[in-house]
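Just so you know, we're using this note's numbering here: the sequence shown kicks off at 8 and counts up by one. What follows is a set of notes on a single structure, which appears directly below.
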Amino acid sequence: FKKEYEIVNLVQLAKLGIKGSITPEILREKGIIRKVDSVKILGDGELTEAITIHAQKFSRSALQKIEKSGGKVVTL
Numbered sequence: 008f009k010k011e012y013e014i015v016n017l018v019q020l021a022k023l024g025i026k027g028s029i030t031p032e033i034l035r036e037k038g039i040i041r042k043v044d045s046v047k048i049l050g051d052g053e054l055t056e057a058i059t060i061h062a063q064k065f066s067r068s069a070l071q072k073i074e075k076s077g078g079k080v081v082t083l
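Written as structure tokens, this is what we have:
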């Protein structure tokens, strides 16, 4: 079976206005995702803040944009 991921785009993260670190638990609290064990970040949108994003998977474009904004990724 193919694993189903909860998809989150950078534009959604930027709208949250969270500084510092974003985890799957925070995304669930904000109502963006339902499950915290299978989150994939996609690169639609731009980040203006340097934030650390925790998720199970990242698209190549998301990685590039996060690092370009000075942020970091943590693969869970």
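Glycine included, every Cβ here is placed at the ideal spot set by N, Cα and C. All values reported here derive from a predicted model rather than from experimental measurement.
- Taken through DSSP and simplified to helix, strand or coil, E13 comes out as strand.
- Note that the C-beta distance between I73 and V81 is not below 8 Å.
- The beta carbon of S76 lies closer than 7 Å to those of L54, T55, E56 and A57 in the same chain, with the five residues before and after it left out.
- If the five residues before and after K37 are omitted, its C-beta is found closer than 8 Å to the C-beta atoms of L23, all from its own chain and listed in chain order.
- Nearest to L17 by alpha-carbon distance, out of I48, E32, K9 and R41, is I48.
- Under a 10 Å Cβ-count criterion, E13 is classified as buried, with 16 or more other Cβ atoms of the shown protein chains found around its own Cβ.
- Under the rule that a run must span 4 or more residues, the alpha helix (DSSP H) segments found entirely inside the segment 16-54 read 17-23 and 31-36.
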